[in-house]
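Novice: The structure follows.
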Amino acid sequence: MNRFKTSKYKNSTPKIPKKDVRASFSSQGKHIKSSCSLVAFNTDQAVHLCLQMRQQEVRLWDSRKLSSSLSSLSLATSNACFFLRLLLFLHIHEADLSVSWSVSHCLTDLSTRGVALVPKLALDVSCCEVLRLLQLTDNFIVPISYQVPRKDFHADLYPDTVGHTLAMTAEDWWKGENKQVLTSQRSGPSSKFRHIQGTVLHRDTHITNLRGLHLTTPGECDGFCANGERVAVPLAIAGGQIAVFELSQPGKLPDTALPTIQNSVNVADFCWDPFDTHKLVVAGDDAKIRVWQIPKGGLMETLTEPECVLRGHTEKIYSIKFHPHASSLLASSSYDLTVRLWSLETGEEVKRLSGHQDQIFGMAWSPDGKLLATVCKDGKVRLYDPRKSTLPIQEGPGPEGHRGARVVWVCDGKYLLVSGFDSRSERQLYLFSAESLASGSVASVPADVSPSTLIPFYDLDTSVLILTGKGDTRVYTYEIVPEAPYFMECSSFHSSEPHKGLCFLPKTECDVRDVEVARAVRLGKTTIEPVAFRVPRVKKEFFQDDVFPETAVWWEASLTAAAWLSGSNGQHRKISLRPKDMMPVSEAPKEAPVRKYLPSSVYLEEKTDEQKKEELLSAMVAKLGNREDPLPQSSYEGVDEDEWVSEELTTHTHTHTSDDS
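Those letters in the sequence shown? Residues 383 to 1043, by the working numbering.
Right under this line is the structure:
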């Protein structure tokens, strides 16, 4: 029998982070001296590290019988400490009390002054991290992670472990009791969108050679806006000019001047009418809102006269938002600390909401269009029912930071998600229950440190939240669920260069055959690029109806502004995105599972030396064949003796005849 078994951890890979993520630490570790130490133990066995005559070895002892070791393992011969620059990861087999030789080793960059083990509950089980060490060097504390190359959660790698729950008191232990509380390491539910991939589409779909972009729009503005047909981009030209580009006409823009919208004042915020792809509404620094109508076929000449102008605010406007159901109904927030509702049909103010004590960072209509939520610099999140009261019906504590914030409704309007900053100016995501804002956030997750506010986009069909900020290179993705853990992080999309932001298009723009769940346009320094967010699937020949439910036609109004103001509520009709020639994957015929590879037990099964010899001999015999078999030439038909003589005489006679001639 072989001395060592094969461990399931044999392919575990140690990962050392780059230097810039190491914790700098001014240590006196150079005075720490190496000695024999107990490095691991459990109830009945102990592993002891011995240094004898420069021979490093690991021994396994039974704590109930210490007269001799149960097993030993010799390591390299050196006068250095065992944990100097080489970390070995060994596996103890409890069945036969043996030690596996070097399951994995890690050659560190710096000499080790000490090693500490991170608690099991701190491991990232989603990436099969089985061990994490903290290495102490002269100047750094370096985390070293050991990961088994597998996917998702594997119960055989994560048995129940000791948690933080108190098992008994000191008095109970003195009385002779022995108790232990184990905690499961199983991770929470995983998202089916966890492997979502963001991809910039082919260059043929890009709009390039953009020049003179206005890159310093206010924080409450998204920076640019798009619908299914065109994109509006502010320019750094006097007079608050805006360029409009047709998505159906990609390519390089000419070097000559382009026709623009001349807004006459600096742009504070702007957005497309969701029910009219030709109508652009622009809020300016002069507290006025201008409505522009783009001609069919695109902007061919410079526009100087708006269709109408909304007047009423006394100070600069922060942001504007269209109602999700009622046509021609617009909400605007201003430095005068009011939120006003406007009817574009009449050009008049129809509602005025108050109650804010400071700058209004953001606002959002509920999915059913009944309520309006705001997040304010005074650290409050407020909820309004504009048709019933001009004051908030609810308010609660919001983000503590004062740099900026955004709000969006999630989970069918049951929760409010706010992206903002904490007291240390770090970006955070907060989730609030729409029924109880006063109780504070029910969950929060940290993002990173950056001066720009994360701008959220939420897909009602998939509950996928996509966020990024101005000047960022990373796009965050989460699936939001209405119960713990609330936030399920998915793969992020990284771009090579900072972008101005993302703007998402209607769901009908997605290529469902390629399992594309969202389509956006990305504004770069000189380009506009389409970005597709896809979910990797195997059976793409089927329509993935689990990620493509019937979608609401939100680009069609369900009622008028007058009807909504009078108390009516609308609801969008829904359509299926399934092409007629595709079968839903839920109706696909079930195939019998086929094992492509033999189970790991076949490869890991250990064989005795006798079995190996027998297999070797059998293979040699099979290759040589049976020696008693007749030779191939034995089966050939021979020549009789008289035929040899006859042939010889014939040849001799032929020779004489030739000589006579």
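Note that CB positions come from ideal geometry on N, CA and C, so glycine has one too. As the structure is a computational prediction, the values presented were derived from the model and not from experiment.
Taking the alpha-carbon of H881 as reference, which of L597, W555, T519 and L452 has the nearest alpha-carbon?
Specialist: For the purposes of this step, residue 881 is identified with residue 499 of the sequence shown, where counting begins at 1. Looking at the Cα atoms, L597 is the closest of the given residues.
Novice: Contact defined as beta carbons within less than 8 Å: I believe G744 pairs with S701. What is the distance between those atoms, to the nearest angstrom?
Specialist: Looking up residue 744 in the sequence shown gives position 362. Looking up residue 701 in the sequence shown gives position 319. Indeed they touch by this definition, with Cβ atoms about 7 Å apart.
Novice: In the DSSP assignment, what are the bridge partners of C607?
Specialist: Here residue 607 refers to the residue found at position 225 of the sequence shown. DSSP output for C607 lists A614 as bridge partner(s).
Novice: State the CB to CB distance for the pair P838 and S805, rounded to an integer number of angstroms; the pair is presumed to be in contact (CB under 8 Å).
Specialist: Here the question's residue 838 lines up with position 456 in the sequence shown. Here the question's residue 805 lines up with position 423 in the sequence shown. No, P838 and S805 are not in contact; Cβ-Cβ is about 21 Å, not under 8 Å.
Novice: By DSSP's criteria, H588 is part of a beta bridge. Which residues make up the other side?
Specialist: Indexing the sequence shown from 1 puts residue 588 at position 206. Bridge partners of H588: none, in fact.
Novice: Could you check the C-alpha separation between V792 and L798 for me, to the nearest Å?
Specialist: Taking the sequence shown and counting its residues from 1, the one referred to as residue 792 is at position 410. Taking the sequence shown and counting its residues from 1, the one referred to as residue 798 is at position 416. So the two alpha carbons sit approximately 6 Å from each other.
Novice: Which residue comes first and which comes last in the beta strand (DSSP E) that contains A944?
Specialist: What you label residue 944 is simply residue 562 of the sequence shown in a count that begins at 1. Unbroken run through A944 is the alpha helix (DSSP H), A943 to L947; no beta strand (DSSP E).
Novice: Taking the C-alpha atoms as reference points, what is the distance between V663 and E777?
Specialist: The count along the sequence shown starts at 1 and reaches residue 663 at position 281. The count along the sequence shown starts at 1 and reaches residue 777 at position 395. Cα to Cα, V663 sits roughly 29 Å from E777.
Novice: Name the residue from C603, R514 and R585 whose alpha carbon lies nearest to the alpha carbon of L836.
Specialist: Here residue 836 refers to the residue found at position 454 when the sequence shown is read from its first residue. Minimum Cα distance to L836 is reached at C603.
Novice: If you run the structure through DSSP and keep just helix, strand and coil, what is A372?
Specialist: There is simply no residue 372 to check, as the chain begins at 383 and stops at 1043 in what is shown.
Novice: Measuring only between beta-carbons, confirm whether S716 sits less than 8 Å from chain C.
Specialist: The chain labelled as chain C is not found in the depicted structure, where only one protein chain is given.
Novice: To the nearest angstrom, how far is the alpha carbon of G496 from that of V512?
Specialist: In the sequence shown, the residue the question calls residue 496 occupies position 114. In the sequence shown, the residue the question calls residue 512 occupies position 130. The straight-line gap from Cα to Cα measures roughly 20 Å.
Novice: Thinking C-beta only, is Q741 closer than 8 Å to K759?
Specialist: For the purposes of this step, residue 759 is taken as residue 377 along the sequence shown, with counting starting at 1. For the purposes of this step, residue 741 is taken as residue 359 along the sequence shown, with counting starting at 1. Yes, the pair counts as a contact, with Cβ atoms nearer than the cut-off.
Novice: Between N645 and Q675, is the Cβ-Cβ spacing less than 8 Å?
Specialist: Along the sequence shown, read from residue 1 onward, the residue named residue 645 stands at position 263. Along the sequence shown, read from residue 1 onward, the residue named residue 675 stands at position 293. No, the Cβ-Cβ distance between N645 and Q675 is not below 8 Å.
Novice: Inspect the CB distances between the stretch 920-939 and the stretch 857-874 and report whether three or more fall short of 8 Å.
Specialist: Not touching, per the Cβ criterion.
Novice: Kindly list the residues whose CB is nearer than 8 Å to the CB of L617, restricted to its own chain and excluding five residues on each side of it in sequence; keep chain order.
Specialist: Along the sequence shown, one-based indexing puts residue 617 at 235. Answer for L617: G594, L595, H596, Q623, I624, A625 and T642, listed in chain order.
Novice: Leaving out five residues before and five after D667 in sequence, what residues of the same chain have Cβ atoms less than 7 Å from its Cβ?
Specialist: The count along the sequence shown starts at 1 and reaches residue 667 at position 285. These residues qualify, in order along the chain: V647, N648, A650 and K698.
Novice: Using 8 Å as the threshold, is the C-beta distance between S832 and G795 below it?
Specialist: Start at 1 with the first residue of the sequence shown, and residue 832 comes out as number 450. Start at 1 with the first residue of the sequence shown, and residue 795 comes out as number 413. Going by C-beta atoms, S832 is not nearer than 8 Å to G795.
Novice: In this structure, how does DSSP classify M965 when only helix, strand and coil are distinguished?
Specialist: The residue given as residue 965 occupies position 583 in the sequence shown. Coil, per DSSP.
Novice: Contact check, L905 vs V615 under 8 Å by CB: the rounded distance?
Specialist: In the sequence shown, residue 905 corresponds to position 523, counting from 1. In the sequence shown, residue 615 corresponds to position 233, counting from 1. Contact flag correct, Cβ pair sits at about 7 Å.
Novice: Using a Cβ distance threshold of 8 Å, determine whether the stretch 626-633 contacts the stretch 721-740, with at least three qualifying pairs required.
Specialist: These segments do not touch.
Novice: Pull up the CB-CB distance for A970 and K922, whole angstroms please, since I reckon it's below 8 Å.
Specialist: As a working note, residue 970 is residue 588 in the sequence shown. As a working note, residue 922 is residue 540 in the sequence shown. About 12 Å; that fails the 8 Å criterion.
Novice: Where do the N-terminal and C-terminal ends of the beta strand (DSSP E) with M682 fall, by residue?
Specialist: Counted from its first residue, the sequence shown places residue 682 at position 300. Careful: M682 lies outside any beta strand (DSSP E) and carries neither H nor E.
Novice: Using the DSSP secondary-structure output, state which residues sit across from Q579 in a beta bridge.
Specialist: Taking the first residue of the sequence shown as position 1, residue 579 is located at position 197. Per DSSP, R916.
Novice: What are the boundary residues of the beta strand (DSSP E) that includes D1059?
Specialist: Nothing can be reported for residue 1059: it is not among the residues displayed for the chain, which extend from 383 to 1043.
Novice: Where F652 and G783 are concerned, what is the direct C-alpha to C-alpha distance, given to the nearest angstrom?
Specialist: Looking up residue 652 in the sequence shown gives position 270. Looking up residue 783 in the sequence shown gives position 401. Each residue's Cα considered, the two are about 25 Å apart.
Novice: Any idea which residues DSSP pairs P779 with across the strands?
Specialist: Sequence index remark: in the sequence shown, residue 779 carries index 397 (1-based). Looking at the DSSP assignment, P779 forms a beta bridge with K762.
Novice: Buried or exposed: where does T850 fall if 16 or more other Cβ atoms within 10 Å of its Cβ makes it buried?
Specialist: Along the sequence shown, read from residue 1 onward, the residue named residue 850 stands at position 468. So T850 ends up on the buried side.
Novice: Nearest by alpha-carbon distance to D841: which of Y860, A825, K852 and S826 is it?
Specialist: Here residue 841 is taken as the residue at index 459 of the sequence shown, counted from 1. Looking at the Cα atoms, Y860 is the closest of the given residues.
Novice: Quick one: is K678 buried, meaning 16 or more other Cβ sit within 10 Å of its Cβ, or exposed?
Specialist: For this step, residue 678 is matched to residue 296 along the sequence shown. The residue is exposed, with fewer than 16 neighbouring Cβ atoms inside 10 Å.
Novice: Nearest CA to the CA of V863: which residue from T855, L847 and S878?
Specialist: Mapped onto the sequence shown, residue 863 falls at position 481. Here the closest residue by C-alpha is L847.
Novice: Locate the beta strand (DSSP E) running through P792, then write down its first and last residues.
Specialist: As a working note, residue 792 is residue 410 in the sequence shown. Sequence check: residue 792 is Val here, not Pro. Element bounds for V792: R788 to V792.
Novice: P946 to V673, Cα distance in whole Å?
Specialist: On the sequence shown, residue 946 is found 564 positions in, with the first residue counted as 1. On the sequence shown, residue 673 is found 291 positions in, with the first residue counted as 1. One detail in the question is off: residue 946 reads as Trp in this sequence, not Pro. Cα to Cα, W946 sits roughly 21 Å from V673.
Novice: If I follow the unbroken beta strand (DSSP E) through F930, where does it start and stop?
Specialist: Translated into positions along the sequence shown, residue 930 becomes position 548. Neither: F930 is in no beta strand (DSSP E) and is coded neither H nor E.
Novice: DSSP on L998, reduced to helix/strand/coil?
Specialist: The count along the sequence shown starts at 1 and reaches residue 998 at position 616. Three-state result, L998: helix.
Novice: Just tell me which of W555, A537, R576 and S823 has its CA closest to the CA of T844.
Specialist: As a working mapping, residue 844 is identified with position 462 in the sequence shown. Residue R576 is the option with its Cα nearest to T844.
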